[in-house]
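Student: Respectively, the protein sequence lines represent chains A and B.
If you use the working numbering, the first sequence corresponds to residues 1 to 97, in order.
If you use the working numbering, the second sequence corresponds to residues 1 to 385, in order.
Got a structure for you, written out below as C-alpha cells; questions coming shortly.
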Amino acid sequence: MGGRIKVIVINEKDNVATALEPFNAGMTVSVKVQGRIEKMKLLSDIPMGHKFALRDMEEGEAVIKYGEPIGQTTAKIIRGEHVHIHNVVSEPRGGLG
Amino acid sequence: MNFEGYRRQDEKAGTRNYVLVIPSVGCSQGTVQAIAHGLKGVVDLPNMLGCGQVGEDRMLVKKTLVGFGIHPNVFAVLIVGNGCEQLSPEEIAKEIAPTGKRVEIIVIQEVGGTKKTIALGKKIVKEILQDAAKLNREPIPLSELILGTECGGSDYTSGLAANPAVGAACDMLVAESGTVILSETPELIGAEHLLARRARTPEMAKQLLDAVAWWEDKAIAAGQNIREANPSPGNIAGGITTLEEKSLGCIYKAGTSPLEEVIPYASYPTKKGLVYMDTPASDIEQLVGMVAGGVQIVLFTTGRGNPLGTPITPVIKITGNRDTYLKMRDNTDMDVSKILQGKETVGLAGKRIFEEVISVASGKVTRAEKMGQRDFCIFKKNINI
C-alpha cells in the first residue's frame, strides 16, 4: 500500500471522505483529518470517486462535503460505510427554491 | 503582501499595460484588427456588436466596451467607429474619460476609407506606445487585486483537486483583503441556497436566488430542466450523490468566504472579499463579463483542458488531471494532480497557486498569453434587430 493517502477529505468540517481508488469492504485505509492521520476500516466496497463516512451519522443528519451540507441521511450510517444515493437525499430547500 | 503592478491616474492598479483599440461597431472590427496587427502591447477587441441591439442589450454592449476601456490593465484607448452606428465612439469615450487616461477616436467614414484609417490608427497607437513604455511597475498591495474564477471542461478531478486548491488560494487572497469574483449562475443551481446562507444581508441572498431563478426559467423555457437532469447517471456512477454536491464542487473554487456583494454582468465590485457576478456559464461571455468588471487576473480550472484567454487579463489554467496537463502543455499553467495521488495537500497546492497569482500579476506570462488567446464575446439577452 505504501505510505500514500488514497482518500481525500476536502474541508476539515467534512464528515465524509472520497476514495481516490477503488476499495473493498474490510480494507483499512489511512485518512488525513485535520492534519492527523487516522486508520479506518471500510465496511462497504467503495468505488473510486465515491464517499464513505468518517464518523457515525444518525438518520436525518447532514452529510458535509466542501464544508457544506450536500444532503441528509435517510438511515443511520456507520463510520467506514458507503455514503451515496441509497442512504442520502437532497436537503429540502425550504422557502428558498 | 504586494504584487508589482501599474498605478493608473484614477488610483486603480493594473497587472498589464496595454493600448486597447475598440471597434464601437462590428463594421470597424476588421480595420481595428489591422491597426493592432504586429504591434506588441496593442490589443484589439473583436467586437461584432454596436448596431442592432436595443434596450438592455444595447446597455450590456456599451457597459462591456466601457468596462474594458476603463480597466486598469489598459494604459490608453483608441476607439474606431464607422460613422453611422447606433453606439457612437463618443458615447463610449465619454465614459472612459473620467479615468484620466488618453482616449482617441477615429471614424472610418470621416477619415475616408480603410487604408487611411489604418494608417492614422497605427500612427496614433505607436505614439501612445512610447508613453506606455515609460511607465514602470511598482509595489501594489494585494488588497487591490480583483481575481476572477472560472471552470471549463470539468471532469472528476475538478471538484476533488483543482477547484478546492483554487478555493484555498482565493481564501488566501481574501485574507489579504483582496477581491474574488465567483460567477456562472446556471452552475449554482442546486447549491444556491447554500451560497445564499453565506450572504451578508437577506437582500443580497434574495438577489442571488432571483438571479438563479431567472436562468432556471430561461433554461426551462428553452426545454432544459437543469435541476431534474442532474446529477446525471454518469455523475452518480462517478460518486456524485446530490445536485448540491455537484454544484458545490464548482462553487468551491471561490473558497469559503462570506458573500459581500451580488453584482450584474460587467459591473465593477464596490466591496472587497467574495463578490458574486451574475453571468452565463458560457466560458467566453463569462470571462469577458468579469474582465469588464475590472478583474485583473483569472484562475481557470479545467479537467479536460481548455485554450481560452481574454484580451487584456491574464488567465492561469490549473488542472487536477495529470494526463491533461501532459497532453495540453501549450494551454495549461499548473498541475495539481498530486492532490489525487496523496502527495500534496489542498492547502499546499492552494499556496502554490496563490504564489503564481502574485507572479503573473507582476508580469509572468501565462500559457494563454503565449498562445495569443484573446477571446471575446459579449453576453446579451435578446436578438439583434
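Where a beta carbon is used, it is the ideal one built from N, C-alpha and C, also for glycine.
1) Which residues in the same chain have their Cβ closer than 8 Å to the Cβ of A/S44, if we skip the five residues on either side of it in sequence?
2) For A/V59, go through chain B and note every residue whose CB falls closer than 9 Å to its CB, in chain order.
3) State buried or exposed for B/V288, treating a residue as buried only when at least 16 other CB atoms are found within 10 Å of its CB.
4) Cβ closer than 7 Å: which chain A residues qualify as neighbours of B/I236?
5) Per DSSP, B/L259 forms a beta bridge with which residues?
6) Round the Cβ separation of B/E244 and A/G71 to the nearest angstrom and send it over; I've been treating them as touching at under 8 Å.
7) Where does B/Q86 fall in DSSP's three states?
8) Name the residue from B/G52, B/G14, B/A76, B/T15 whose alpha carbon lies nearest to the alpha carbon of B/I124.
9) For B/Y156, go through chain A and note every residue whose CB falls closer than 7 Å to its CB, in chain order.
10) Got a sec? Which residues, its chain only, sit under 7 Å from B/Y146 by beta carbon, not counting five neighbours each side?
11) How do the stretch 248 to 260 of chain B and the stretch 62 to 70 of chain A stand: do at least 3 beta-carbon pairs fall below 8 Å, yes or no?
12) Taking only runs that begin and end inside the stretch 263 to 350 of chain B, name each unbroken beta strand (DSSP E) of 3 or more residues, in chain order.
13) Reducing DSSP to helix, strand and coil, say where B/I226 ends up.
14) So is B/M334 buried or exposed if we call it buried at 16+ other beta carbons inside 10 Å?
15) What residues in the stretch 162 to 196 of chain B bring their beta carbon closer than 7 Å to a beta carbon of chain A?
16) Closest to A/P47 by C-alpha separation, out of B/D330, B/A349, B/I240, would be which residue?
17) For B/Y18, which of helix, strand or coil comes out of DSSP?
18) So, for B/S154: in the same chain, excluding its five sequence neighbours on each side, which residues have a beta-carbon less than 6 Å away from its beta-carbon?
19) Taking C-beta pairs closer than 7 Å, name the residues in chain A that B/V402 reaches, listed in chain order.
20) Can you find a CB in chain B that lies within less than 8 Å of the CB of A/I64?
21) Got a sec: is the Cβ-Cβ distance from A/T18 to anything in chain B below 8 Å?
22) Starting from B/C250, follow the alpha helix (DSSP H) in both directions and report where the run begins and ends.
23) Near B/A196, which residues of its chain fall below 7 Å by C-beta distance, leaving aside the five closest residues on each side in sequence?
24) Below 8 Å on the Cβ atoms is my guess for B/Y18 versus B/G41; work out the distance and round it to an integer in Å.
25) On the CB-based measure, 16 or more other CB atoms within 10 Å of its CB, does B/K272 come out buried or exposed?
26) Between the alpha carbons of B/I316 and B/V365, how many angstroms are there, rounded?
27) Pull the bridge partners of A/K65 from the DSSP assignment, please.
Tutor: Straight from the coordinates:
1) Cβ neighbours of A/S44 beyond the five flanking positions: A25, F52, G80, E81, H82.
2) Position check: residue 59 of chain A holds Glu in this sequence, whereas Val was assumed. Here the premise fails: no neighbours, minimum Cβ distance about 16 Å.
3) In summary, B/V288 is buried, with 16 or more beta-carbon neighbours lying within 10 Å of its beta-carbon over all protein chains present.
4) Chain-ordered, the chain A residues with CB closer than 7 Å to the CB of B/I236 read I85.
5) Per DSSP, B/A199, B/L274.
6) Correct: roughly 6 Å between the Cβ atoms.
7) B/Q86 falls in the coil class under three-state DSSP.
8) When only C-alpha atoms are compared, the closest one is B/A76.
9) For B/Y156, the C-beta contacts it makes with chain A under 7 Å involve G49, in order along the chain.
10) The amino acid at residue 146 of chain B is misidentified as Tyr; the sequence shows Ile. Apart from the 5 residues on each side of it in sequence, B/I146 sits with its Cβ closer than 7 Å to the Cβ of T179, I181, P269, G294, V295, Q296 in its chain, given in chain order.
11) Enough Cβ pairs lie closer than 8 Å, so yes.
12) Complete beta strand (DSSP E) runs here, min 3: 273 to 277, 297 to 302, 315 to 319.
13) Here B/I226 sits in helix by DSSP.
14) It is buried - the Cβ of B/M334 has at least 16 other Cβ atoms within 10 Å.
15) Result list: P164, H193, L194, A196.
16) For the residues B/D330, B/A349, B/I240, the minimum Cα distance to A/P47 belongs to B/I240.
17) Strand at B/Y18.
18) Excluding residues within five positions, the ones whose Cβ falls inside 6 Å are G303.
19) With chain B covering only 1 through 385, there is no way to say anything about residue 402 of chain B.
20) No, no contact with chain B.
21) Closer than 8 Å to some Cβ of chain B, the Cβ of A/T18 qualifies, so yes.
22) The continuous alpha helix (DSSP H) containing B/C250 extends over residues 243 to 251.
23) Within the same chain, and ignoring the five residues on either side of B/A196 in sequence, the residues whose Cβ sits closer than 7 Å to its Cβ are A205, L208, L209.
24) Right, their Cβ atoms sit about 6 Å apart.
25) Residue environment analysis places B/K272 among the buried positions, since at least 16 neighbouring C-beta atoms fall within 10 angstroms of its C-beta.
26) Whole-angstrom Cα-Cα distance: 9 Å.
27) Its beta-bridge partners are A/E68.
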